[in-house]
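Comments concern the structure below.
There are 2 protein chains.
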Amino acid sequence: MNPKTNGYDSGVTRTESGARRTYNQYCGLASALDVLGERWTLLIIRELLMGPRRYSSLLADLPGVGTNLLAERLKSMTERGLVRQVQSDSGARMSYALTEVGQELRPMVLGLAKWGMEFVGPYSPGEVVRPHWGFLAVEAMFQPDKVPDRDEQYQFEVDDQVFHVDVRDGRAHAMKGPADAPAMIATVDAATFIEIGTGRKTPLAAMVTGKLKLDGDIEAVLRCCDLIGLETGALRSHATAG
Amino acid sequence: MNPKTNGYDSGVTRTESGARRTYNQYCGLASALDVLGERWTLLIIRELLMGPRRYSSLLADLPGVGTNLLAERLKSMTERGLVRQVQSDSGARMSYALTEVGQELRPMVLGLAKWGMEFVGPYSPGEVVRPHWGFLAVEAMFQPDKVPDRDEQYQFEVDDQVFHVDVRDGRAHAMKGPADAPAMIATVDAATFIEIGTGRKTPLAAMVTGKLKLDGDIEAVLRCCDLIGLETGALRSHATAG
DNA sequence: CTGCATCCGCCTCGATACTG
DNA sequence: CAGTATCGAGGCGGATGCAG
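Sequences listed follow chains A and B, in order.
With the working numbering applied, the first sequence covers -3 to 238.
With the working numbering applied, the second sequence covers -3 to 238.
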């Protein structure tokens, strides 16, 4: 509409001390991306969504980040109120935790994680996998309209990490740690777990190759698969056949 | 062997033709960010969420992007199946439109836009504003539990753009173009509209300074404000007083 | 050892010029 | 109008330094 003389400054805003690249747009999404859009930021938030983490722990689970960049991102996120430093439970060392504002990103992060499942290819050695990412994957895959009627728990043991899904009053929640009385226990390695989540591998196929072990009531297994949107046709017929 | 080039770089995957920086993580979010995380990509999707757009139109509404980068992003998004080229309604020229996969990003984009509202400061001349961003702002601000009982329409005229909210059967939808029978018409400039959305300015304050004009039933205005989460206390008392 | 800060090479980005 | 080509600047990644 206007010619190019509408007085903007080329999309880059610069200050004396910290040069920071902003979109310079008066818009909620642009402002959100000014905060979150730089490299690694949302992955750091993904890590912190599962609880407070130490600097070195973040560094270990985000290979390639570079220590200076991680420190700079954490500082920036702290200044903007997404992250705060908290006392680590064991000792006087500090951990980083999400603030309320940071926690508000959970639904969007989960939505992006689910959306991105479609772009996850077959697992290739050399790619980084962490078992606790399966926790978020399960949370992202919840089908709100498929929550079982009965209250029960499903436990997942992914590599060395244990978490469970708690179904209660028609709602499902993902929780860290073991369940009190799991109706089903799935034991699996992290890569296979993600691979099943993407739909590239069915639970049955993973069981056949020995990558996945399922203990407990077969009906509970099927309800759990329905809850997280996994295909159960082959598994169902296999169960009745076996 | 050169010690700097031994092995492979973690975090960077390189192919012969197009070098592309990926997180190299077997995770849905990381894959999503490999697709969406580069600069300008999500802002291009924001533009396309409101309908097909021409190349030059995108360029005009994304100042600072640089033509090469816009072309490269559109090509990449087309290859990945987020975007496709469609026939423009007027003439044989091509426009860019979101595919089904691209449309699936709407809730996450709206969520981020709403979240980012908190980081939008007061409007400073020099920042870019576009009236159609108000369309997305309204969509992002919908309070699903505050949809009015009665079916009605609210029309918004932001600079030269007209859109409306259609309330029907307990659901609200944002639509392009004028309403059939609007119960309320708001006329406002784009900057003020976003400023109200962020909560930095109340509708009443904007009316007093002449930036916002509200026509129609005062009760409809109040219902509309409730629907999009705007503070109505002062407006309500002002209406009864006047 | 943890939690950063500094330095350096490279790749992405942004602006301009240019072409069909 | 719809891009492609080019080039300088700076963000990013990796290695290293250093204080507590």
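The beta-carbon is built from N, C-alpha and C at its ideal position, and this holds for glycine as well.
(message) I want to verify the contact list: residues of chain B whose CB lies under 7 Å from the CB of E100/A, in sequence order.
(response) Chain B residues near E100/A: W111.
(request) Output yes or no for whether 8 Å exceeds the beta carbon distance between A133/B and G195/B. (result) Result no, Cβ atoms of A133/B and G195/B do not sit closer than 8 Å.
(message) Per the DSSP calculation, M180/B is bridged to which residue(s)?
(response) The partner list for M180/B (beta bridge, DSSP) reads Y150/B, G212/B.
(request) Could you spell out the range, first to last residue, of the alpha helix (DSSP H) harbouring Q99/A? (result) Note, Q99/A: alpha helix (DSSP H), 96 to 99.
(message) Assess contact between the stretch 45 to 65 of chain B and the stretch 145 to 153 of chain A, defined as three or more Cβ pairs (one per stretch) separated by less than 8 Å. Is contact present?
(response) Contact between the stretch 45 to 65 of chain B and the stretch 145 to 153 of chain A is absent, because fewer than three Cβ pairs lie under 8 Å.
(request) Using 10 angstroms around the beta-carbon of M171/B, count the other beta-carbons present and answer buried if the total reaches 16, otherwise exposed. (result) That one is exposed.
(message) Would N20/A pass as an interface residue toward chain B - the criterion being a Cβ-Cβ separation below 8 Å?
(response) It does; some Cβ of chain B falls within 8 Å.
(request) Give the C-beta separation of P140/A and A186/A to the nearest angstrom, bearing in mind that I take them to be a contact with Cβ-Cβ under 8 Å. (result) With 8 Å as the limit, P140/A and A186/A do not qualify as a contact, their Cβ atoms being about 26 Å apart.
(message) Quick test of your reading: S233/B and G112/A, contact by CB under 8 Å. State the CB separation rounded to the nearest angstrom.
(response) Incorrect: roughly 48 Å between the Cβ atoms, too far for contact.
(message) Just checking: is the beta-carbon of L200/A within a distance shorter than 8 Å of some beta-carbon in chain B?
(response) Judged by the 8 Å Cβ criterion, L200/A is not in contact with chain B.
(request) Verify whether the separation of the beta carbon atoms of L106/A and L38/B is less than 8 Å. (result) No. Outside cutoff.
(request) Under 7 Å Cβ to Cβ from A230/B, same chain only, skipping five residues before and after it: list those, please. (result) Closer than 7 Å at the Cβ level, and outside the excluded window around A230/B, lie T198, L200.
(request) Could you name each continuous alpha helix (DSSP H) segment of 4 residues or more that falls completely within the stretch 125 to 174 of chain B, going from the start of the chain to the end? (result) The stretch 125 to 174 of chain B contains these whole alpha helix (DSSP H) runs: 129 to 137.
(request) Tell whether a beta-carbon distance below 8 Å holds between M104/A and L108/B. (result) Against a cut-off of 8 Å, the Cβ pair of L108/B and M104/A comes out as a contact.
(message) Quick check on DSSP: helix, strand or coil for S13/B?
(response) Its pLDDT being 40, under 50, S13/B is placed unreliably by the model, and the measurement read from it follows with that caveat. Here S13/B sits in coil by DSSP.
(request) Look up L226/B in the DSSP assignment and say whether it is helix, strand or coil. (result) Taken through DSSP and simplified to helix, strand or coil, L226/B comes out as coil.
(request) Rank M90/A, V79/A, Y22/A by C-alpha distance to the C-alpha of S52/A and give the top, closest one. (result) For S52/A, the closest C-alpha among the options M90/A, V79/A, Y22/A is that of M90/A.
(message) I want to verify the contact list: residues of chain B whose CB lies under 7 Å from the CB of C23/A, in sequence order.
(response) What C23/A touches in chain B: W129, I190.
(request) Specify the secondary structure class of P121/A as computed by DSSP and reduced to three states. (result) Correct three-state label for P121/A: strand.
(request) Give the residues of chain A in contact with Y51/B, contact being defined as C-beta atoms less than 8 Å apart. (result) In chain order: nothing, as chain A lies at least about 16 Å away.
(request) Could you tell me the distance, in whole angstroms, from the CA atom of I239/B to the CA atom of P59/B? (result) The structure shown has nothing for residue 239/B, since chain B only spans -3 to 238.
(message) Could you tell me the alpha carbon to alpha carbon distance between V79/A and I224/B, rounded to whole angstroms?
(response) Here the alpha carbon of V79/A sits roughly 28 Å from the alpha carbon of I224/B.
(request) Report yes if the C-beta distance between F115/B and V143/A is below 8 Å; otherwise report no. (result) Contact annotation: F115/B and V143/A have beta-carbon atoms that are not nearer than 8 Å.
(message) Just list the residues that DSSP pairs R80/A with in beta bridges.
(response) According to DSSP, which records beta bridges pairwise, R80/A is partnered with A93/A.
(message) Please state the DSSP three-state secondary structure of R49/B.
(response) Three-state DSSP puts R49/B in a strand.
(request) Select from the stretch 142 to 163 of chain A all residues with a C-beta closer than 9 Å to any C-beta belonging to chain B, and list them in chain order. (result) Here the close residues number zero.
(message) Does any residue of chain B have a CB that is nearer than 8 Å to the CB of F138/A?
(response) Taking Cβ atoms only, chain B never reaches closer than 8 Å to F138/A, which makes this a no.
(request) Quick one: list the residues of chain A neighbouring Y119/B, beta-carbon separation under 7 Å, in chain order. (result) By Cβ distance, chain A contributes Y22.
(request) State the start and end residues of the unbroken alpha helix (DSSP H) segment that holds G112/B. (result) Where G112/B is concerned, the enclosing alpha helix (DSSP H) starts and stops at 102 to 112.
(message) Quick test of your reading: I190/B and V124/B, contact by CB under 8 Å. State the CB separation rounded to the nearest angstrom.
(response) 11 Å between Cβ atoms; not a contact.
(message) I want to verify the contact list: residues of chain A whose CB lies under 7 Å from the CB of A67/B, in sequence order.
(response) The contact set of A67/B on chain A, defined by CB atoms closer than 7 Å, is empty, because the minimum CB distance reaches about 17 Å.
(request) Starting from the beta carbon of Y39/B, find every residue of chain A whose beta carbon is closer than 8 Å, and list them in chain order. (result) Note that residue 39/B is Leu in the sequence shown, not Tyr. Within chain A, the C-beta atoms nearer than 8 Å to that of L39/B come from Y19, Q21, L25, A26, L29, in chain order.
(message) Between which two residues does the alpha helix (DSSP H) holding P59/B run?
(response) Looking at the DSSP string, P59/B is not in any alpha helix (DSSP H), and its letter there is neither H nor E.
(message) Can you find the residues in the same chain that come closer than 7 Å, C-beta to C-beta, to R219/A, ignoring five residues on each side of it along the sequence?
(response) Residues P144 of the same chain have their beta carbon placed closer than 7 Å to that of R219/A, with the five preceding and five following residues left out of the count.
(message) Using only the alpha-carbon positions, how far apart do R245/A and L45/A sit?
(response) No answer is possible for residue 245/A: the residues shown for chain A start at -3 and end at 238.
(request) Identify, in the order they occur along the chain, each residue of the same chain with its Cβ nearer than 6 Å to the Cβ of D50/A, setting aside the five sequence neighbours on each side. (result) At residue 50/A the sequence reads Arg, which differs from the Asp that was named. Non-local beta-carbon contacts of R50/A in its own chain, meaning distances under 6 Å to residues more than five positions away in sequence, involve S91 in chain order.
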